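Sequences listed follow chains F and X, in order. Take any residue in the first sequence, count from 1 to its spot, add 49: that is its number in this note's numbering. Take any residue in the second sequence, count from 1 to its spot, add 104: that is its number in this note's numbering. All C-beta atoms in this analysis are idealised placements derived from N, C-alpha and C, irrespective of residue type, glycine included. This one's a predicted model, so the numbers in the text were calculated from it and none came from an experiment. To keep things clear, I will list the structure first and then write my remarks on it.
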Amino acid sequence: DAKTTQPPSMDCAEGRAANLPCNHSTISGNEYVYWYRQIHSQGPQYIIHGLKNNETNEMASLIITEDRKSSTLILPHATLRDTAVYYCTPEIDSNYQLIWGAGTKLIIKP
Amino acid sequence: DSGVTQTPKHLITATGQRVTLRCSPRSGDLSVYWYQQSLDQGLQFLIQYYNGEERAKGNILERFSAQQFPDLHSELNLSSLELGDSALYFCASSVDTRQREQYFGPGTRLTVT
């Protein structure tokens, strides 16, 4: 299992790229890194996932280091609506369920 | 809109009572998950069903139970409610049983008074 750490909070200016780091130094070779976000009290929203290659979709980009010990979620042009808690979830439990940490509270400032 | 629906949106009830929360998964999804999120807490996995069968159990109290029906909708039953059961309850669905790309509903906010 991976031990996951994320900064508790981050600020970013509107229109700038938001880069959210995640350390998962003990991730096993076949565990994907999933990212979700939760806008205040709404249901979490799937963003993106990856194994070892960088990934991009319409919402974000995911950069995974070659040693897979860390990853960065990039929101290329942050808007106020991107203010949310972002969860990096590389860990799964014995039931193959996602393990949810505290995430990073990202605040986008005008 | 994730395609997952949950009812009711809000529920206020008294201690000792029993409530039922309902979830309809996205069209085509066979797996349903239930989560609990207490105030300022992280998501706690409760239970998973796949095509009508229980597949995994997390931190679900014995006072709580769930089922998934043939039409794939699911219900979470909470009984002998306590103040500490006040929380947001989310349902999520995915295509298959080990799919971690999950789609969440808007949640049911339960308040026990």
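- Taking a Cβ-Cβ cut-off of 9 angstroms, the neighbours of E205/X in chain F comprise Y83, Y95 and H98, given in sequence order.
- For F149/X, the enclosing beta strand (DSSP E) has its first and last residue at Q148 to Y154.
- In this structure the segment 93 to 111 of chain F does not touch the segment 108 to 126 of chain X; the number of beta carbon pairs closer than 8 angstroms is below three.
- Cβ atoms of I148/F and L122/F stay farther apart than 8 angstroms, at about 17 angstroms.
- Chain F has a Cβ within less than 8 angstroms of the Cβ of F194/X.
- Short of 6 angstroms from the beta carbon of P93/F, and not among the five residues preceding or following it, lie these beta carbons of its own chain, in chain order: Y85 and Q87.
- For the segment 111 to 143 of chain X, the set of positions with a beta-carbon nearer than 7 angstroms to some beta-carbon of chain F is empty.
- By the neighbour-count criterion, in which a residue is buried when 16 or more other Cβ atoms sit within 10 angstroms of its Cβ, P129/X is buried.
- Within a 10 Å sphere around the beta-carbon of S120/F sit 16 or more other beta-carbons, which makes this residue buried.
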